[in-house]
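Protein chains: 2
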Amino acid sequence: MPDAVAPNLVAAVDAARHWRDMMAMAEIGGFIDEAGHPGVNRPCLSPLDRQARRLLISWAEKAGLGVSVDRLGNLFLRHEGSAPGLAPVLTGSHMDSQPNGGRFDGIWGVIAGLEAVRALREAGVATKRPIEVVAWTNEEGGRYAPGCMGSMAYAGFAPPDTWDDVTDRDGIRWADALAEQLALEADIARRPLGVVEGQAPFAYVEAHIEQGPLLEAKEMDIGVVTGIQGSRWFVVELKGKSDHAGTTPLAMRKDAVQDMLRAINALNALMHDPKDVLRFTVASIEVQPNTSNSVAGLVRFTIDFRHPDNAVLQARGNAIEGVIQAAVRDCAVKVTERFHAVPVTFQPEVPDAVEAAARAQGLRHMRLPSGAFHDSQFMVPLCPTGMIFVPCRAGVSHHPSEYATPEALAAGARVLAQVLADLANR
Amino acid sequence: MPDAVAPNLVAAVDAARHWRDMMAMAEIGGFIDEAGHPGVNRPCLSPLDRQARRLLISWAEKAGLGVSVDRLGNLFLRHEGSAPGLAPVLTGSHMDSQPNGGRFDGIWGVIAGLEAVRALREAGVATKRPIEVVAWTNEEGGRYAPGCMGSMAYAGFAPPDTWDDVTDRDGIRWADALAEQLALEADIARRPLGVVEGQAPFAYVEAHIEQGPLLEAKEMDIGVVTGIQGSRWFVVELKGKSDHAGTTPLAMRKDAVQDMLRAINALNALMHDPKDVLRFTVASIEVQPNTSNSVAGLVRFTIDFRHPDNAVLQARGNAIEGVIQAAVRDCAVKVTERFHAVPVTFQPEVPDAVEAAARAQGLRHMRLPSGAFHDSQFMVPLCPTGMIFVPCRAGVSHHPSEYATPEALAAGARVLAQVLADLANR
C-alpha cells in the first residue's frame, strides 16, 4: 500500500467538511484584530479550551470514536483496530493557542486526525492497529510555561506533578486549573497516562502548518519533516531598587531596566549568527513597579533560544548566565532555565511513509526540519515519529494573519489518512 | 510675627497626635513588602482613596473645619478667617500614592496642613484670611497619567475635561472614575473649580518629604524650597510584527523589543550628563503579545526626563523623537508627549516666610530646589508659592522603605503652622 494510491480513501477526505470544522472551531476564542485579521485566543485549561474540546468530542462521538482523557488532560479519540490489543498509531496535536494567535497552529493537526479517521471509516478501510487522535494539553506555554506539558508527562520526560506550582498571570496554579478541568470533564472515561502508566504507541505522526516560509516559497504541497531544532527557554530576573525618578541621581540608582539593556546588548553579541540560522528572541518583559516616574526595581525577561546543532545549543546556551552577570552593573541576577529540548532527528519510518503517500498522491513534497518545537519531539524516544507540514501564507504563525488554504489543509489530511492506514496495518 | 516664635502655637502642634494620624492613614492601602517594609498602595479615585478621604474629613469635621470638593475631586478643609471674603492661604498636597509606594509622600502635606490648622485653633491664634487645606486629585499619575490633574485643572493650566478619555490598565476612563467618585461624595458641599470658576488663593505653601538625600546628608531639619526642576514625560510606541520565535529568521523580523533596545541605547547617549544633574528614566514597559515564543509585535515604553535648566529641558526633550527615529530599524515609531512642566522658581514671599519661621524656631535649615515635581508647580502663576521639605531616610521615596521620623514631621508641621499664621495675617 505505501506506494499505491488508495483512491476511495483519498476521495473520502471531505475538503469542505474539513474547512467547515476548522472555521467552526476558530470561532471559539475568535477575535478580529486591528487590521481585520481573524485570530484566536484560546488559553489552555480555560473555559474556551473546554468549549473547543466539547465540540471536538461531539464530532468524534458522531463519527463513532471512543473518547478518553488522561490525568494531564490529554484528550484521545479512538478508532478501534481489528487487533485492539496492538499498540495504536497515534496522531494529533494541540488545541490551545498563543495569546492573540492564529486559527491553524495546533488545532489543524487535531482536526486533520479526526478527518483522516472519518475518511478511513467512511471508505471502509480496515486497520489492524487502533488509531488514536490526541489533543495534547498546553503545547503553547502561553498561559503556563513551559509548553508541551501534556506530551512531556505522557512520554515520561518529566514527572506529571512537575509543574503543579507554576502560576498564570492571575496567580492560578497549574495543578488547580488542571484539577478544575478534570472535575468538569469527569463524565469522560479516564485512561492511563502514556508510557508512565500505560502502553507506548506504535508510531506517532503529527500534521501541522509549517509556521515558516519555505514550502510556500518553493511551491510545495507537503513538507516531509526530518526532525526538530533544539530549544532552550530561560527567565532572567534582575533585582535592583525602585527610587524616585526625579530626585535620584543616575549614579545612585540600581535601575533594572538599564541593566536589562546591558544584558540584552551583551546577549545579542553572544547570539550573533551571520548565517541567520540561530534563533534568539526576547519577547516577554515584566517590570516592577512599572510606573513611569519610579525607577524600575525589578525586571524579568524571557529568552527563547533555538538551534538545529546541539553543540551550538549547548555552548551558547550555557554561556548565557555568565554573559549576563558580566554585563549588568547594579542588579542581582537570577537565570532560570525552564525548558530544554535538544535537537531531534526523526527515525526514517514515518518520514518515509509520509513521502511515499505524498508521491503516490502526486503532491509536490520536500524534506525539511522544523524550526518550531512540537509535541512530536517527546514521542521520538517512544516510537517511530514524524510530521506532515503544509504551507502557510508568508510563513506567518502565532498571529491573527496566520492562514493556510482549504486546499492545502485537505492535501495534508489526505496524506495523513494514507500514512495512518499504512502504519496501522504494519 | 515672622521672626518671632509663637510659643503657644508651636506647642499646640501635637507630635504624638500627628504621628498617630499618619500611621492611621497609612493603614488604608497599607501592605508589607518582601523585605518587611510597610508600604502604601492607594491609587487615586479608588475605594481606598475614598476611604482615606472619609477619614480625613472625619478629623476635619471634629476640628470644626468646613469641607468642600470641586468638580475635579480636589478636597478642601477650611479654617475661617476673621475676614472671610479675603483670598485664603492654601496649603496641602495629595493623598494618592505610587503603586507600592511609601507612607509619607503627599499624604504628609495634607495631614501636616490639618495639624497646623488644629494647632492655630487650639492655640487661639486668630487669622484675618481663611486657611484652606487641600488634597489634590491624582498627583502621582500612577493610575492615570499625567499626574497633577487636580492642580492643573484648578490653575487653569488645562481645561478640566482634558483627560476624560485617559484610561487606566483596566480600561476604565478617567471621566467615568471621576464621575463615580463625585457621585459617592455627593453629600459633600460642592465648590467652584479654582481660578477657572472661582478665586485665586493669596498664597500656597506645600509641606513634603524631600524625596532626595540632601537634607539628611547635611543634617538639616527644614528645606526651604526655591523652585522645581522641569519635567517632560513621553510615551514611545514601536509597532513591529509578531512572528513565531522558532521559525522566523532574524533578518525577516520586525522585533519591537530589539527596536526598543536600539531606541534606549540611543537615548542614553542623548541624555548622557557627566555632572549627573539630568534625570532620564525608562521605568514602564508594555510588550505585546508578551509571550516568550512570539516575537514582540508592539512595545510601549515611557520616558521621564527632568532638568532644572529650561534650555537643556527643551533642547534634549525636543531631540527625543528624532533620535528614536534614527535608531530603530524595523518598527513604526510614535512618540507622544503627555506632560511638560518647565522649571519654576518660587517668588520670594513664601520661601522667605519658611526661612523666617525655621530660624525663629531654632531649626537647622537650607535652601534647595525640588527634584520631584509637585502640585505647587502649577500654583506659581496664581500666587506666591513655596514648599517646606523635611528629610527622609536615605532620600528614598516611591518605595515602601520611604521613612521620615516623627520628630522631623513635627518640626515641619510647626514651621508650617507659623508660616500659615504669618501669611494669613498679611
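Respectively, the protein sequence lines represent chains A and B. When we follow our numbering, the leftmost residue of the first sequence carries the number 701, and every step to the right adds one. When we follow our numbering, the leftmost residue of the second sequence carries the number 701, and every step to the right adds one. Cβ atoms here follow ideal geometry from the backbone N, Cα and C, with glycine treated the same way. The structure displayed is predicted, hence computed values, not measured ones.
Report yes if the CB atom of residue i is closer than 8 Å to the CB atom of residue j, and no otherwise.
i	j	result
B:T794	B:G813	Going by the sequence as given, residue 794 of chain B is His instead of Thr. No.
A:C1092	A:F902	no
B:H1098	B:G801	yes
A:E1049	A:P1081	no
B:V999	B:L950	no
B:V810	B:H779	no
B:W836	B:L1109	no
B:Y904	B:S1076	yes
B:Q1199	B:Q1047	The structure shown does not extend to residue 1199 of chain B, since chain B is modelled only from 701 to 1126, so the question has no answer here.
A:D955	A:V1012	no
A:A963	A:A1058	no
B:R932	B:G1017	yes
B:E822	B:A712	yes
A:G1071	B:T867	no
B:L884	B:P860	no
A:M852	A:F1005	no
A:R1127	A:L786	Within the shown structure, residues of chain A are numbered from 701 to 1126, placing residue 1127 of chain A beyond reach of any answer.
B:A983	A:A1019	no
B:P738	B:A726	yes
B:N993	A:G841	yes
A:E815	A:A1113	yes
B:G927	B:T1045	yes
A:P1043	A:N1010	yes
B:E1055	B:F934	no
A:A907	A:I728	no
A:V987	B:I985	yes
B:D976	B:D1030	no
Can you pull the chain A residues whose beta carbon is under 7 Å from the beta carbon of residue i, in chain order?
i	result
B:V982	V957
B:V995	T981 and A983
B:F1078	In chain order: nothing, as chain A lies at least about 16 Å away.
B:F1073	G946
What distance in whole Å lies between the Cβ atoms of residue j and residue i, which are believed to be in contact at a cut-off of 8 Å?
i	j	result
A:A889	A:S768	4 Å
B:P799	B:N708	Their Cβ separation, rounded to whole angstroms, is 42 Å, which puts B:P799 and B:N708 out of contact at 8 Å.
B:L1116	B:T791	7 Å
B:Q929	B:P846	That belief does not hold up - the Cβ atoms of B:Q929 and B:P846 are roughly 16 Å apart, past 8 Å.
A:L755	A:A724	7 Å
A:M849	A:R1064	Not confirmed; about 36 Å, so no contact.
B:P913	B:A1094	6 Å
A:P788	A:I831	6 Å
At a CB-CB cut-off below 9 Å, which residues of chain B make contact with residue i?
i	result
A:N1125	Correct list: empty, because the minimum Cβ distance to chain B is about 34 Å.
A:G841	T991, S992 and N993
List the residues of chain B that residue i touches, going by C-beta distances under 8 Å, in chain order.
i	result
A:A877	Residues of chain B passing the Cβ test: none, with the nearest at roughly 17 Å.
Under 7 Å between beta-carbons, which chain B residues line up against residue i? List them in chain order, please.
i	result
A:A855	Correct list: empty, because the minimum Cβ distance to chain B is about 20 Å.
A:A845	S992
A:D976	P949, L950 and A951
Is any heavy atom in the ligand PLP found nearer than 7 Å to the beta carbon of residue i?
i	result
B:A996	Absence of the ligand PLP from the depicted structure is noted, as is the absence of any ligand whatsoever, leaving it without description.
Going along the stretch 791-813 of chain B in order, which residues come within less than 7 Å of chain A, judged by CB to CB distance?
Q798, P799 and N800
Against chain B: residues of the stretch 1081-1111 of chain A by CB proximity under 7 Å:
G1095, V1096, S1097, H1098 and H1099
Output, in sequence order along the chain, the residues in the stretch 907-933 of chain A whose CB is closer than 8 Å to any CB in chain B.
Residues of the stretch 907-933 of chain A with a Cβ closer than 8 Å to any Cβ of chain B, in chain order: E910, Q911, G912, P913, Q929, S931 and W933.
Taking only runs that begin and end inside the stretch 905-947 of chain B, name each unbroken beta strand (DSSP E) of 3 or more residues, in chain order.
922-928 and 930-939
May I ask you to list, following chain order, the residues of the stretch 986-1019 of chain A that have a beta carbon less than 7 Å from some beta carbon of chain B?
V987, P989, N990, T991, S992, N993, S994, V995, A996, T1002, D1004 and R1006
Near-chain B residues of the stretch 943-957 of chain A - C-beta to any C-beta below 8 Å:
D943, H944, A945, G946, T947, T948, P949, L950, A951, M952, D955 and V957: these are the residues of the stretch 943-957 of chain A whose beta carbon lies less than 8 Å from some beta carbon of chain B, given in chain order.
Ranges of the beta strand (DSSP E) found wholly within the stretch 1026-1059 of chain B, counting only runs of at least 3
1032-1041
Going along the stretch 960-971 of chain A in order, which residues come within less than 8 Å of chain B, judged by CB to CB distance?
Correct list: L961, I964, N965 and N968.
Those runs of the alpha helix (DSSP H) which lie wholly inside the stretch 737-772 of chain A and span at least 4 residues
747-762
Uninterrupted beta strand (DSSP E) stretches inside the stretch 836-920 of chain B (no shorter than 3 residues):
903-909
Which of the residues in the stretch 1024-1054 of chain B, read from start to end, lie with their CB under 8 Å from any CB of chain A?
none
Beta carbons nearer than 8 Å to chain A: which residues of the stretch 740-751 of chain B have them?
none
Which residues of the stretch 763-789 of chain B have a Cβ closer than 7 Å to any Cβ of chain A? Give them in chain order.
none
Which parts of the stretch 1076-1103 of chain A are runs of the alpha helix (DSSP H), unbroken and 4 residues or longer, counting only runs that do not cross its ends?
none
In chain order, each beta strand (DSSP E) run of at least 3 residues that lies wholly inside the stretch 946-1028 of chain A:
Along the stretch 946-1028 of chain A, the beta strand (DSSP E) occurs as fully enclosed runs of 3 or more residues at 979-981, 985-988 and 998-1007, listed in sequence order.
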